[in-house]
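Worksheet: one structure, shown below.
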Amino acid sequence: MKKRNILMGLLLCSAQWMMAQESLSLAGTWRFQTDPMGFGKTPGSELYLSKLTESIQLPGSMDEGGKGMSTTARYVDRLTRKFEYCGPAWYQREVIIPQSWSNKDILLHLERCHWETTVFVDGQPAGSQEHLSTPNCFNLTQWLTPGVHTLTVCVDNRLKYPMDQWNHGTTEYTQTNWNGMVGDLKLIAHEKTHIQRLQIYPEVKNQAAQLQLTLQNTSQQTVSGQLELVLKEKNGPVVRKKTLPVEMKVGDQTITHTFQLGKNLKLWNEFTPHLYEVNATLKVDGRKDRQTQVFGMRQVTQGKHHIQVNGRNIHLRGTLDCCVFPLTGYPSTDAADWKRIFLTVKDYGMNHIRFHSWCPPEAAFEAADEVGIYLQAELPMWIKDVGQYPARRNFFEKEMYAILETYGNHPSFILMCNGNENEGNFAVLEDLVKKAQQHDNRRLYSASTARTHTASDQYYVSHVTDKGWITVYEGQPSTDWDRSKESAIDCPVIAHETGQRCMYPNFQEMKKYTGVVTPRNFEVFRERLARNGMLHQADDFFRATGAHTVLQYKEVNESLLRTANSGGFQLLGLSDFPGQGSAFVGILDAFWESKGLVSPEKFRESCAPTVLLARLPKRAFTTDETGTAKLEIYHYGELPIRKGHLEWSLKNSQGKTLHKGKLSVPAISCATVDPLGEIRFDFKDCHQAEKLTLHATLNNNFHNEWDIWVYPNSETQEQSHTNKDYVMANTYDEHVREALRQGKKVLLVPEKKMGRKTHFAGHFWNPIMFNWDPIIVGTLIQHEHPAFRNFPTDAHADWQWWDILNHAHALQLDGCPELTPLIQSIDSYEYNQKLGIAFEAQVEKGKLFVLNVDIHKDLDQRPATRQLLRSIQNYVASDDFRPEVILPLHRIDSWLTPIKSTEKKNSAENAAIEQLLNQ
């Protein structure tokens, strides 16, 4: 009996040890060697037969290991890697296979490699894989017998197929073209009879979940056993159980079983991301093989104009993820990192992320499942010669199936697209879509993001439809418009890459780059700014342009929320894009952290499941006008809104209420955009130029606000000056010079404009990629200066500046560091020229104020421009007009004497633009 107990104990210990060794981590120190000439597989130069000479830590990349060429370049179109390398690199280590694995199938699992991965065991080739989006797995059973073996892996990050340089699966511009192996690196031991595949197909209408399992028998004989299936809430109670007898012939066989969940099932969506898991255990001859898969009860269908989740229309408020990871240079495989990003996205009112021309690792889907984020994954495809190169086409098809098989169970994975802005033979793309639809119906598919709408599309993301533009890049002073006509096509349409308003870089961000890339583009921009004498304005430039981007995104988002038949939008972007010319378009930086420009709470006023909307005819009024606003509500929240009251008020900048009212509001159903009523207000209590804010609040819960400006009309405006107080001129000539010599005040508003034409909205995307006029990223106003005493303004250009800046020019004022323009156009951070729309100076014995704004065209119809002129006239006529900067007359001559226009030639033929637009 004692001997039997000892044997039983040994077997138990052995069983416990065996279970602990079902996987063997390969993390740690590996031998390493580069192969820049690519000779490592050539007869006579085989590196897999040699003992490699260096070492590196895995998981990780060559960049993290300090391997490759130390980089001295300073790229302005992207972040700069500290170490660069492109070619084969070799990784090698010994592995010890335990005796208990002698009758098991052994799999090598490399979670993410970049790119082609070839494996050798003891100098023998064991296979090659090329997945960019999913793990590369190798069956090493025939080579890994018990004992010590040498495992050698060659990773080659050269482009294997002709690819456009922009796709985010391979590009240098975002994640970097890294070389290495990251994530979970391990050997896995399976029983000869094991579960190879477990896919779960929710049937929401039937309150059921269908399980499809593929069992594999490599034992060379038919065996019998049991399959135990347990369905439970994740981290919760068991819901259903079933044990099925199985008879397994050699090879693969598929088993299907359906669990009825009943009326108490819990659905997965953005509001209630309930998760279930299935634990499957295969028992054969006392041996067990287990597999667990998490899923959600959700069903995605195509509605008339909206994607539907569990039968209800959803509206996608999304942003892009372009694989930007500045610390590592490759995507994180840690669910905690992704959860932080997704919680941030939801904190800013969004429910959707599009992975632009790439697919993230498993950790991203796991985090999205838990948080409740709708994901669109894509192939690493951004090409304009679709249909060429059969080998590349086969790669894309294999990659598509791998993505669907690896991530298909995740409820967050609701959309799949082939790639970005493709051109060429769309029959090839449609063929991929049809194959994907047939293979896995758990999501919707589309042939390409933008460019061409195909019959196979179950949704369409694009700038434009055959009915017009749907993407909104910038707002308008009027908010009484939408994209309803343009969105009325045969499937849900989602606005592609909205916004894209560039701001000035925040140089304080540079200290965050402590990883594998350095912000040398920031360094170059800062040095150029310093050379032009404006480094002290860097933070002002960032704040002014950032504030302008915030107000633009409010209008961009609301315009598409007003569009009742819009399927959604994908903002570019919530976070910065440091490549393709350095596109600082985000209210978050490249680390998905706030720039301090707008709080999540404020941003959610115009981007959230429920948003109050106002259709305003314009933003600038005169005191004799009556204002109107048509109030609406966008409601895609979890529950209907009970009937109640909408309270509105019009307040001035001191918080004084000028008008207020209340509207009765009926109950609001979900997934609607509904009118709430029209309000009217006058400005009889406004006796001076004022900024007013229209506030709207529903049921003391939902709030939004819009700024408007009101100015005294031309008849009632009291002039505080006469023409005798100063000389007002519209031409810079000898009369002006003589007036200055005589010590007079001069207000010069040139009728013939010189300099660079300005624009209200900041530059599109970035001025390096799109080098077109006016190449201005924003406007900085010295708002506390007495020249604006009668023209309320902030330091950035708000909507009252729309007419002014669209009818103005900026003079190039380089070479005068002591002069700060009162209205300053902020030049591209590539050039950093000093540009002034308005400035003042002492010249000779006199005082000069220059306002380079058109005041001649229809001034009676332009209240903001008229009021700005009056405010400056009052200032010039007053004793406050005391410019501090002294300039010689010849300097003014150089700026104001008519010369050839300084506007930069439009570079629409620029090769980079052609590549980006796939022209």
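The opening position of the sequence shown corresponds to residue 295 in my numbering, with each subsequent residue numbered one higher. Positions of the beta carbon are idealized from the N, C-alpha and C atoms, including for glycine. Since this is a predicted model, take the numbers as computed values, not measurements.
Three-state secondary structure assigned by DSSP to G303: Position 9 of the sequence shown, counting from 1, holds the residue named residue 303. Unreliable positioning characterises G303 in this predicted model, as indicated by a pLDDT of 33, which lies under 50. The coordinate reading is nonetheless provided below. Helix at G303.
G441 - partner residues in DSSP beta bridges: To locate residue 441, count along the sequence shown from 1; it is residue 147. DSSP lists I391 as partners of G441.
Same chain, Cβ closer than 6 angstroms to I1180, five either side skipped, listed in chain order: For this step, residue 1180 is matched to residue 886 along the sequence shown. Q1136.
Proximity of D399 and N433 at Cβ, strictly below 8 angstroms: Within the sequence shown, residue 399 is the residue found at index 105, counting from 1. Within the sequence shown, residue 433 is the residue found at index 139, counting from 1. Cβ distance < 8 angstroms, so D399 and N433 count as in contact.
Identity of the residue in I1131, I1120 and N1084 nearest Q1167 by Cα: As a first step, residue 1167 is located in the sequence shown; it is residue number 873 there, counting from the start. Of the listed residues, the one whose Cα sits closest to Q1167 is N1084.
Complete beta strand (DSSP E) runs within the region 774–801 (minimum length 3 residues, chain order): 787–793
Three-state secondary structure (DSSP) of K889: The count along the sequence shown starts at 1 and reaches residue 889 at position 595. It is coil, neither helix nor strand.
Three-state class that DSSP yields for N645 in the structure shown: If you number the sequence shown from 1, residue 645 lands on position 351. DSSP places N645 in coil when its eight states are reduced to three.
According to DSSP, residues forming a beta bridge with V1170: For the purposes of this step, residue 1170 is taken as the residue at position 876 of the sequence shown. Partner(s): none; V1170 has no beta bridge.
Reference H609; option with closest CA among T1191, Y1020 and P903: Within the sequence shown, residue 609 is the residue found at index 315, counting from 1. Checking every option, the nearest Cα to that of H609 belongs to P903.
H600 classed as buried or exposed, judged by whether at least 16 other C-beta atoms fall within 10 angstroms: Start at 1 with the first residue of the sequence shown, and residue 600 comes out as number 306. Buried, because 16 or more other Cβ atoms sit within 10 Å of the Cβ of H600.
Own chain, CB closer than 8 angstroms to M797, minus 5 neighbours either side, in chain order: Start at 1 with the first residue of the sequence shown, and residue 797 comes out as number 503. Correct list, in chain order: F836, T839, G840, H842, T843, F878, V879, G1056, V1071 and G1072.
Close beta carbons around Q315, own chain, < 8 angstroms, minus the five adjacent residues each side: Numbered from its first residue, the sequence shown carries residue 315 at position 21. Residue confidence is low: Q315 scores 39 on pLDDT, short of 50, so the model does not pin down where it sits. Its coordinate-derived value is still stated next. Contacts found: P392, S394, W395 and A483.
Residue of S1122, D1092 and S319 minimising C-alpha distance to P771: Position 477 of the sequence shown holds residue 771. Per the Cα distances, D1092.
Beta-carbon gap between L907 and R1031 smaller than 8 angstroms: The residue you call residue 907 lines up with position 613 of the sequence shown. The residue you call residue 1031 lines up with position 737 of the sequence shown. For L907 and R1031, no; Cβs fall outside 8 angstroms.
Status (buried if at least 16 other CB within 10 Å, exposed otherwise) for K361: The residue labelled residue 361 in the question sits at position 67 within the sequence shown. It is buried - the Cβ of K361 has at least 16 other Cβ atoms within 10 Å.
Neighbour-count burial assignment, T825, 16 or more Cβ in a 10 Å radius: One-based indexing of the sequence shown puts residue 825 at position 531. The question names Thr, but residue 825 is Arg in the sequence shown. Classification of R825: exposed, given that the 10 Å Cβ count is below 16.
Collapsed DSSP secondary structure at T1016 in the structure displayed: Taking the first residue of the sequence shown as position 1, residue 1016 is located at position 722. Legend: pLDDT at T1016 = 43, less than 50; position of this residue unreliable, value from coordinates given subsequently. In the structure shown, T1016 sits in coil (DSSP, three-state: anything other than H, G, I, E or B).
Residue burial classification, V755 (beta-carbon count within 10 angstroms, cutoff 16): Position 461 of the sequence shown holds residue 755. Result: buried.
Straight-line Cα distance separating A1158 from S985: The residue given as residue 985 occupies position 691 in the sequence shown. The residue given as residue 1158 occupies position 864 in the sequence shown. As written in the sequence, residue 985 is Lys, which differs from the Ser given in the question. The alpha-carbon atoms of K985 and A1158 are separated by roughly 11 angstroms.
Neighbourhood of V449 by C-beta distance below 6 angstroms, restricted to the same chain and skipping five residues each side: Taking the sequence shown and counting its residues from 1, one reaches residue 449 at position 155. A383, C407, T411 and N473, listed in sequence order.
Exposure label - S1014; buried when at least 16 CB within 10 Å: Position 720 of the sequence shown, counted from the start, is the residue given in the question as residue 1014. Unreliable placement is indicated for S1014, whose pLDDT of 42 sits below 50; no coordinate value is reported for it.
Three-state secondary structure (DSSP) of V413: Translated into the one-based positions of the sequence shown, residue 413 becomes position 119. Of the three classes helix, strand and coil, the one that applies to V413 here is strand, per DSSP.
8 angstroms Cβ cutoff, L1142 in contact with chain C: Of the protein chains in the structure, only one exists, and it is not chain C.
Coil, strand or helix - P382 by DSSP: Reading the sequence shown from its first residue, position 88 is the one you call residue 382. Residue state, collapsed to three classes: strand.
Cβ contact (3+ pairs, closer than 8 angstroms) linking the region 643–657 and the region 612–619: yes
Rounded distance between the beta-carbons of D774 and K924, thought under 8 angstroms: As a working mapping, residue 924 is identified with position 630 in the sequence shown. As a working mapping, residue 774 is identified with position 480 in the sequence shown. Right, their Cβ atoms sit about 7 angstroms apart.
Close-in-space but distant-in-sequence residues of the same chain around A658 (CB under 6 angstroms, 5 per side omitted): Against the sequence shown, residue 658 aligns to sequence position 364. Result list for A658: W632, in chain order.
Nearest-angstrom Cα separation, counted from P1061 out to E1012: As a first step, residue 1012 is located in the sequence shown; it is residue number 718 there, counting from the start. As a first step, residue 1061 is located in the sequence shown; it is residue number 767 there, counting from the start. In this prediction, E1012 has a pLDDT of 45, which is less than 50 and means its spatial position is unreliable; nothing more can be read from the coordinates.
Unbroken stretches of the beta strand (DSSP E), 3 residues or longer, contained in the region 699–753: 707–711 and 738–740
Residue range of the beta strand (DSSP E) that includes Q982: In the sequence shown, the residue the question calls residue 982 occupies position 688. Neither: Q982 is in no beta strand (DSSP E) and is coded neither H nor E.
CB of Q493 within 8 angstroms of CB of N703, strictly: The residue you call residue 493 lines up with position 199 of the sequence shown. The residue you call residue 703 lines up with position 409 of the sequence shown. In contact: Q493 and N703 (Cβ atoms closer than 8 angstroms).
Assigned secondary structure, E342 (DSSP; H/G/I helix, E/B strand, else coil): In the sequence shown, residue 342 corresponds to position 48, counting from 1. Note on identity: in this sequence residue 342 is Tyr, with Glu being the wrong assignment. Three-state DSSP puts Y342 in a helix.
Outcome for I708 when other beta-carbon atoms lying within 10 angstroms are tallied against a minimum of 16: Stepping through the sequence shown from its first residue, residue 708 is reached at position 414. Classification of I708: buried, given that the 10 Å Cβ count is 16 or more.
Under 8 angstroms between C-beta atoms of V415 and G623: Working through the sequence shown from its first residue, we reach residue 415 at position 121. Working through the sequence shown from its first residue, we reach residue 623 at position 329. Not closer than 8 angstroms, so no.
At least 3 beta-carbon pairs within less than 8 angstroms: the region 984–1001 vs the region 925–941: yes
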